[in-house]
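>
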Amino acid sequence: MLKCNVIAMLALVALGSISGSCQDRKPYAEPYRPQVHFSPRQNWTNDPNGLVHFDGEYHLFFQYNPFGDKWGHMSWGHAVSSDLLHWKELPVALPEHDGEMIFTGSVVVDEHNTSGLCKDGKPCMVAIYTSHRPGNGREQRESQSIASSQDRGRTWQFYAGNPVLDLDMADFRDPNVSWNDQIHRWVMAVALPNEHKVAFYTSTDLKQWAKVSTFGPEGATGGQWECPDLLQVPADGGRKIWALKVGINPGALQGGSGEQYFLGNFDGREFHSLPGTPVRWTDYGKDSYCAISFNHLPPGEKPTLLGWMSNWQYADKLPTQPWRGQMTLPRRVVAVKDGDSFVLSEDPVTAPLHDGAARPIRKQLAAKQEIAELLSLESPMEMQLTFAPTDAESFGVRLYSDDSHWTEIGFDTAGHVVYADRIHAGVSPGENFLVRTDARTVATRPWNLKIVVDRSSVEVFAQDGTIAMTNLVLPPTSNVKAVVFREGGTKAIAVSGRSWRLKSIWGTAR
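As numbered in mature numbering (1 follows the signal peptide of the UniProt record, and there is no 0), residues -19 to -1, 1 to 491 make up the sequence shown, in order.
#1: Going by DSSP, what residues sit across from H335 in a beta bridge?
#2: Alpha carbon to alpha carbon, how far is L483 from M362? Give it in angstroms, no decimals.
#3: Can you tell me whether DSSP reads E374 as helix, strand or coil?
#4: With which residues is C105 paired in a DSSP beta bridge?
#5: What does the Cβ neighbour count give for S63, buried or exposed, with the cut at 16 atoms within 10 Å?
#6: Taking C-alpha atoms, which residue in Y182, L380 and N230 lies nearest to G204?
#7: Report, in whole angstroms, the separation of the C-beta atoms of N30 and W57, which I expect to be a contact under 8 Å.
#8: DSSP puts A10 in a beta bridge; with which residues?
#9: Within the continuous beta strand (DSSP E) that includes V447, where are the two ends?
#10: Among Y295, N157 and V324, which has the Cα closest to the Cα of I273?
#11: Between the C-alpha atoms of residue 492 and P279, what's the straight-line distance to the nearest angstrom?
#12: Who pairs with L356 in a beta bridge, going by DSSP?
#13: With DSSP run on the structure shown, which of helix, strand or coil describes D217?
#14: Which stretch, first to last residue, makes up the beta strand (DSSP E) that contains residue 495?
#15: Jot down the residue ranges of each uninterrupted beta strand (DSSP E) in the stretch 222 to 270, minimum 3 residues, whole runs only, in chain order.
#16: Among the candidates Q138, L346, Y381 and I83, whose CA atom is the shortest distance from the CA of K100?
#17: From the DSSP secondary-structure annotation, give me the bridge partner or partners of I404.
#18: Is the number of C-beta pairs between the stretch 322 to 335 and the stretch 293 to 304 that are closer than 8 Å three or more?
#19: Please report the Cβ distance between V324 and A216, rounded to the nearest whole angstrom; I am assuming they are in contact, meaning their Cβ atoms lie under 8 Å.
#20: Sort D419, Q125, H93 and Q44 by Cα distance to G396 and report the nearest one.
#21: Figure out for me which residue from H165, R135, A172 and R166 has the closest Cα to the Cα of M150.
#22: Sorted by chain position, which residues of the same chain lie with C-beta nearer than 8 Å to E240's C-beta, five sequence neighbours on each side aside?
#23: Just the Cα atoms here: how many angstroms apart are D155 and I342?
#24: Nearer than 6 Å: is that true of the beta carbon of I432 relative to any heavy atom of the ligand NAD?
#25: Measuring alpha carbon to alpha carbon, tell me which residue in T471, A339, V317 and S130 is nearest D91.
#26: If we call anything under 7 Å between Cβ atoms a contact, is Q302 one with M290?
#27: Please report how far the alpha carbon of I474 lies from the alpha carbon of L430, in whole angstroms.
#28: Using three-state DSSP, classify T60 as helix, strand or coil.
#29: Closest to P115 by C-alpha separation, out of D36, H78 and A74, would be which residue?
#30: Reducing DSSP to helix, strand and coil, say where R436 ends up.
#31: Who are the Cβ neighbours of D164 in its own chain at under 6 Å, not counting the five residues just before and after it?
#32: Tell me whether the beta-carbon of F392 lies closer than 7 Å to the beta-carbon of W428.
#33: Is the stretch 372 to 386 touching the stretch 183 to 202, taking contact as three or more C-beta pairs under 8 Å?
#34: How should A369 be labelled, buried or exposed, when 16 other C-beta atoms within 10 angstroms of its C-beta is the threshold for buried?
#35: What residues are listed by DSSP as bridge partners for K318?
#36: Am I right that A339 and R119 are in contact with their C-beta atoms under 8 Å? What's the rounded C-beta distance?
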């Protein structure tokens, strides 16, 4: 009980530091403050942690520095929501303590008290996280520890027997834990960063873990592997398929940090990627990292991902105050056929934020017409566009914040890619920021785009969501004038779709 009280006291102190220096400005209305994406009221955040649904609430824990807007003093921040969008920030859940930082991990619902940590015969929440003891070289140590909560995540008790898994290693982190019905055990996927491997462990009680296999190295291995996430997703044909997602930093497709995924089979002990299935990326933009899935979702809900919207190349240089860091939109995930294989399709959760009825979009570019205005709104907003087949060399939409600043999203049919270009979008925090990102398209899929624009980001979902592309932008205004464009070709281009103004998530959840 004493240790639990200490945790609560530290959490209250941390929350106090959140509110103390922000009283002179209106919160959640600062320049670049996201209006439909979660960001902490103040201070630094990075990886989402412990995503779980329990007792009517979605829980978002996140890497958090209670004392500043740069990385350090890593603890678990905490927010709850009833709809995955409107988040209420709570006191720090797991603060740095005893010289150990609280790195990335999972939260599970121990419904049958397998851990022996639940009280009064009721299910409890158990966090499995990396204890990070800083040091130089071999002096650094990472091991896996647990904590439990009896009150829906409001207060936590560190387990007296921590760590529960210790290999005496400098880099061994980010446990992803879930219950496996096939073997009736808890399964942990945990990163061996420098070996480019994911190790799998099983347990009956969340305390004693037995290693059963490793996966890797495969795919991209140019940097450390981090933040593994193992999930089963519904697939075309009524089947289910396993996905193993792994973060990499540096060495991602677009530079810096990113996340690849493998599709395959998992028998509760070993993961085997499907033969002939290429390695793919969860997101082809610069700014989605360590996306993980929610545990213990209500029956019928599709697997749901949430990631950190930034890149380690420039995350600490973003000109946002008094916070630094935000999350992507939650994304429902399924697997769809892709030739003889499968690909993940991601669909952002936005419908509850639609402000009124959709505005229809219908526009046609004549054979020699190069641009035409589609609409003018303010961010946050969403648009869905479908382009009829065309012989144009490239076509798409430009999103102008003023006459001199825009983001361009388009299809390059000659290069067989979809791209997002933020070179002219606005302020740049570093040399790796003003770039164009792209991904290979599939000729048999429709030329469609779902675009969500917030105050400091553009999320794109192309070709029925099989390509996600997330990029931060720092425009001078919140205006969004959408202009359709084309280059080359001799035929007219028909564009159809709809748009919505999106309501801010901060109206009732502050």
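Note that CB positions come from ideal geometry on N, CA and C, so glycine has one too.
In terms of the structure at hand:
#1: Looking at the DSSP output, H335 shares a beta bridge with L483.
#2: One C-alpha to the other measures close to 5 Å.
#3: For E374, the three-state secondary structure derived from DSSP is coil.
#4: Partner residues in the beta bridge of C105, as assigned by DSSP, are D91.
#5: Exposed: under 16 other Cβ atoms inside 10 Å.
#6: For G204, the closest alpha carbon among the candidates Y182, L380 and N230 is that of N230.
#7: About 6 Å; that satisfies the 8 Å criterion.
#8: BP columns for A10 are empty, so no partner.
#9: For clarity, residue 447 is Thr in the given sequence; the question names Val instead. Premise fails: T447 is in no beta strand (DSSP E) and is neither H nor E.
#10: With distances taken between Cα atoms, I273 lies closest to N157.
#11: It is not possible to answer for residue 492, since the shown part of the chain is limited to -19 through 491.
#12: Within the DSSP secondary-structure output, L356 pairs in a beta bridge with A463.
#13: Three-state DSSP puts D217 in a helix.
#14: Lying before the first or after the last residue shown, residue 495 is absent from the chain, which here runs from -19 to 491.
#15: Uninterrupted beta strand (DSSP E) stretches at least 3 residues long and entirely within the stretch 222 to 270 occur at 239 to 247 and 252 to 254, given in chain order.
#16: If we check each option's Cα against that of K100, Q138 comes out closest.
#17: Bridge pairing for I404: absent [DSSP].
#18: By the Cβ criterion, the stretch 322 to 335 is not in contact with the stretch 293 to 304, since fewer than three pairs of Cβ atoms, one from each stretch, lie closer than 8 Å.
#19: By a beta-carbon distance limit of 8 Å, V324 does not contact A216. Their separation comes to about 10 Å.
#20: It is D419 whose Cα lies nearest to the Cα of G396.
#21: Minimum Cα distance to M150 is reached at A172.
#22: Closer than 8 Å at the Cβ level, and outside the excluded window around E240, lie C208, K226, V227, G228, I229, A233, W262, T263, D264, S269, Y270, C271, A272 and G288.
#23: Going by the C-alpha atoms only, they are around 44 Å apart.
#24: This structure does not include the ligand NAD; it has no bound ligands of any sort.
#25: When C-alpha distances from D91 are compared across T471, A339, V317 and S130, the shortest belongs to S130.
#26: Contact check for Q302 against M290 fails: the beta carbons are separated by 7 Å or more.
#27: Each residue's Cα considered, the two are about 15 Å apart.
#28: Before going further, note that residue 60 is Ala rather than Thr in the sequence given. Reduced to three states, the DSSP call for A60 is strand.
#29: When only C-alpha atoms are compared, the closest one is H78.
#30: DSSP places R436 in the coil class of the three-state scheme, outside both helix and strand.
#31: The residue asked about is misnamed: residue 164 is Ile in this sequence, not Asp. Result list for I164: G249, in chain order.
#32: One thing to note: F392 has its Cβ within 7 Å of the Cβ of W428.
#33: With a cut-off of 8 Å, the stretch 183 to 202 and the stretch 372 to 386 do not count as touching, because too few Cβ pairs lie within range.
#34: Exposed, because fewer than 16 other Cβ atoms sit within 10 Å of the Cβ of A369.
#35: Bridge partners of K318: F323.
#36: The beta-carbon distance between A339 and R119, rounded to whole angstroms, is 58 Å. This is too long to meet the 8 Å contact definition.
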